[in-house]
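In the order they appear, the protein sequences are chains A and B.
The numbering of the first sequence is our numbering, which starts it at 2 and goes up by one.
The numbering of the second sequence is our numbering, which starts it at 4 and goes up by one.
Note that beta-carbon positions come from the ideal geometry of N, C-alpha and C, so glycine has one too.
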Amino acid sequence: MAQVNAVEALIRGARSEFVDTYANMIKGSDEKLKKVMDLGLPSDKASEIYPYFESSPNAKRWPRGEPIPTAGFTSKSFLVPNYDWAIAIDWHENDEQDDQTRSLVTRARDAATKLALLPERIFFQLLTAGTDGDLLPTVPNAPDGSAFFATTSGSGANRFGVANGNLLTGSGVATTAAIQTDFWAAIAQFVRFLDTDSQPLWPAELISRGVTIIYGAANNQVFAQAFQQNFVQATNAATSNVVLDADMKVTLWQTPRITDNDWFVFLNAAPTKACFQQVRQPVRDNMEDMLNSDNSRRTKNKRLQWDARFGFGVALPFQAIKINN
Amino acid sequence: MSSAVSSNPEFVAVKKKRYLCGINAAGPAHNVSLGGFSFPVTSSETRADGAEIQRTGNVLELSVEDLKKIQISVENRIVRWTNKVEQTPDGRGGLVPVIKRIRASIYDKRSSWYRPEETDEPLADYIYIEDAPEEAKAVPNSLKTRLAQEIEAASKTEIAMLSDPKDAKIREEHGRAKKLGQKLGEE
Numbered sequence: 002m003a004q005v006n007a008v009e010a011l012i013r014g015a016r017s018e019f020v021d022t023y024a025n026m027i028k029g030s031d032e033k034l035k036k037v038m039d040l041g042l043p044s045d046k047a048s049e050i051y052p053y054f055e056s057s058p059n060a061k062r063w064p065r066g067e068p069i070p071t072a073g074f075t076s077k078s079f080l081v082p083n084y085d086w087a088i089a090i091d092w093h094e095n096d097e098q099d100d101q102t103r104s105l106v107t108r109a110r111d112a113a114t115k116l117a118l119l120p121e122r123i124f125f126q127l128l129t130a131g132t133d134g135d136l137l138p139t140v141p142n143a144p145d146g147s148a149f150f151a152t153t154s155g156s157g158a159n160r161f162g163v164a165n166g167n168l169l170t171g172s173g174v175a176t177t178a179a180i181q182t183d184f185w186a187a188i189a190q191f192v193r194f195l196d197t198d199s200q201p202l203w204p205a206e207l208i209s210r211g212v213t214i215i216y217g218a219a220n221n222q223v224f225a226q227a228f229q230q231n232f233v234q235a236t237n238a239a240t241s242n243v244v245l246d247a248d249m250k251v252t253l254w255q256t257p258r259i260t261d262n263d264w265f266v267f268l269n270a271a272p273t274k275a276c277f278q279q280v281r282q283p284v285r286d287n288m289e290d291m292l293n294s295d296n297s298r299r300t301k302n303k304r305l306q307w308d309a310r311f312g313f314g315v316a317l318p319f320q321a322i323k324i325n326n
Numbered sequence: 004m005s006s007a008v009s010s011n012p013e014f015v016a017v018k019k020k021r022y023l024c025g026i027n028a029a030g031p032a033h034n035v036s037l038g039g040f041s042f043p044v045t046s047s048e049t050r051a052d053g054a055e056i057q058r059t060g061n062v063l064e065l066s067v068e069d070l071k072k073i074q075i076s077v078e079n080r081i082v083r084w085t086n087k088v089e090q091t092p093d094g095r096g097g098l099v100p101v102i103k104r105i106r107a108s109i110y111d112k113r114s115s116w117y118r119p120e121e122t123d124e125p126l127a128d129y130i131y132i133e134d135a136p137e138e139a140k141a142v143p144n145s146l147k148t149r150l151a152q153e154i155e156a157a158s159k160t161e162i163a164m165l166s167d168p169k170d171a172k173i174r175e176e177h178g179r180a181k182k183l184g185q186k187l188g189e190e
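Here it is, written out as structure tokens:
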């Protein structure tokens, strides 16, 4: 069992100026995350089945004397299991008493904010489909049987009725022009998406209500130039920016969690989000000490622990496009 | 082999072939995008009869040009694992340190910030592209297929107690009873 090693903080007369060295600075990106992920859907079972109907049929011309045209539509469903998420921290009570910095317990409590970061970490696991022994054991496919980002649905048809689906081949990230070209290609792709009865899926107004662009932090300069630059400092001259000029509302989200040159475009106003979190049991915390724990009375150890039951899934991802470079 | 052929002689037919493409389950990701195509561990398909089949990898129709794009993409991708040292029992009452891979990042060699490290592995080690067999390693997806079959079976019976389709336990009991009935009938 792992335990807090407080030996460096027990030295008499130690000063506490740098005790905040690893104080939690990341508080999560909830505001950005809410635009691309549904948080806190209710759950009351070990796993949840989410059904949905495909598009309703279009009206057709009804020639006189013929039977009224009829059509049905089909339904699909997908399953999202709940998992336990937890962390516990043990320390010896003597260490708490002798800690010259008086910060051992405060730092232990920081683990709660780390738990609050879980949805963001899972979101990026889903986005990059990354293997991570600490997170989801497998990254689920979307309800149509394909990966989150794919050119075809599981049955091999063009995903969302258009060639390349929600996975576009990019032009690289070397220049702002390349990024802007790929951005407009993504916007055009959204407009071309079709519902299951071959009618346009998204109204243009919804697309113009804003997009979130997620990309690797190492590419921040070129993305900032592509989407935000409208002024050249050195020459004091205005410069045309094809994205700003079109009044596209773009939220940029740079992250070190993306390590290659791929990037992602999400529609902010989409009524259903591509990723979601379901909550079977919210976060609860427990403190063990001599008052309430046999283990503490035996060992003089104290413990803080948090646990929760969450599930994470991918809904039909027609509000997200990946640019693959 | 399929091909898109135009009546206009200026257009050359693009020949495409079906391939089974994917990434190994022990790889750094459950899906990677290469040359604009998806390489998942598994994909699934709902057949016309409602049964869902899960297959290893993904069946894609690719042209030679597509394969070239994938080749460029895959040869530039590098995998870097993050390891964790865990103390595990050695069977004699002691502990031994064991290095475990916990997560991986995929880097693009063409990026200006990429710095090679000794432990870097080529992503190509985990990727496969092979001729797609007709059924492409399809196996029934036990959970959803079973559920679909059970719901279908339930809808064909007159048993009123199955009116609540969410009650999995009743369905399970019904399925068991039905199987037993079939077995007895055969005997």
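Please go through the same chain and pick out, in chain order, the residues whose beta-carbon is closer than 7 angstroms to the beta-carbon of A/E49, but skip the five residues on each side of it.
V81, Q279 and G312
Rounded C-alpha distance that separates A/P138 from B/W84:
16 angstroms
Nearest-angstrom Cα separation, counted from A/T170 out to A/A7:
Taking the straight line from one Cα to the other gives about 51 angstroms.
CB contact check: A/V140 to chain B, cutoff 7 angstroms:
yes
Same chain, Cβ closer than 6 angstroms to A/V5, neighbours up to 5 away in sequence not counted
W92
Is the number of C-beta pairs between the segment 250-259 of chain A and the segment 121-138 of chain A that are closer than 8 angstroms three or more?
yes
Just verifying my parser: in three-state terms, what is the DSSP assignment at A/G155?
coil
Work out the CA separation of B/Y129 and A/S209 for me, nearest whole Å.
40 angstroms
Where the alpha helix (DSSP H) containing A/S209 begins and where it ends:
A205 to S209
Interface residues of chain A facing B/K72 [CB-CB closer than 9 angstroms]
T170
Along the chain, where does the beta strand (DSSP E) that runs through A/I123 open and close?
Per DSSP, A/I123 belongs to no beta strand (DSSP E); it is in the alpha helix (DSSP H), L119 to T129.
Using a cut-off of 9 angstroms between C-beta atoms, extract the partners of B/P31 located in chain A.
G131 and T132
Please report the distance separating the alpha-carbon of B/V88 from that of A/D135.
14 angstroms
I'd like to know if B/Y22 contacts chain A, where contact means its C-beta is closer than 7 angstroms to some C-beta of that chain.
no
Only counting the same chain, and skipping five residues up and downstream in sequence, which positions put a Cβ closer than 7 angstroms to that of A/Q282?
Leaving aside the five residues that flank A/Q282 on each side, the residues in its chain whose CB is nearer than 7 angstroms to its CB run, in chain order, A309 and R310.
In whole angstroms, give me the CA-to-CA distance for A/A321 and A/A178.
22 angstroms
Helix, strand or coil for A/R310? Go by DSSP, reduced to three states.
strand
DSSP three-state label for B/L146, please.
Its pLDDT being 49, under 50, B/L146 is placed unreliably in this model, and the coordinates cannot settle the point.
If you drop the 5 nearest sequence neighbours on each side, which residues of the same chain put their C-beta closer than 8 angstroms to that of A/M38?
P120, F124, K274, A275, C276, F277 and Q278
Taking A/R193 as the reference, which of A/R299, A/T71 and A/N165 has the closest Cα?
A/N165
With a threshold of 16 other CB atoms inside 10 Å of the CB of A/T114, please say whether the residue is buried or exposed.
Exposed.
Can you say whether B/Y22 is buried or exposed, counting buried as having 16 or more other CB atoms within 10 angstroms of its CB?
Residue environment: B/Y22 is assigned as buried (16 or more neighbouring CB atoms within 10 Å of its CB, all protein chains considered).
Interface partners of A/G155 on chain B, CB under 8 angstroms:
Below the 8 angstroms Cβ cutoff, chain B contributes S46, S47, E48 and T49 as neighbours of A/G155, in chain order.
C-alpha gap between A/A72 and B/E124, whole angstroms:
53 angstroms
How would you list, in chain order, the residues of chain E whose beta-carbon sits under 8 angstroms from the beta-carbon of A/D135?
Any reference to chain E falls outside this structure, whose protein chains are A and B.
CB contact below 7 angstroms: B/I102 versus chain A:
B/I102 does not count as touching chain A.
Please go through the same chain and pick out, in chain order, the residues whose beta-carbon is closer than 6 angstroms to the beta-carbon of B/C24, but skip the five residues on each side of it.
F42, G60, N61, L63 and I132
Residues that A/T260 contacts on chain B, provided the C-beta gap is smaller than 7 angstroms
S108, I109 and Y110
Relative to the C-alpha of A/A3, which candidate in A/I12, A/D31, A/I90 and A/G14 has its C-alpha closest?
A/I90
Minimum Cβ-Cβ distance from B/P136 to chain A less than 7 angstroms:
no
In the DSSP output, which residue or residues are listed as bridge partners for A/A89?
A/Q306
Is the beta carbon of A/T152 less than 7 angstroms from the beta carbon of A/L168?
yes
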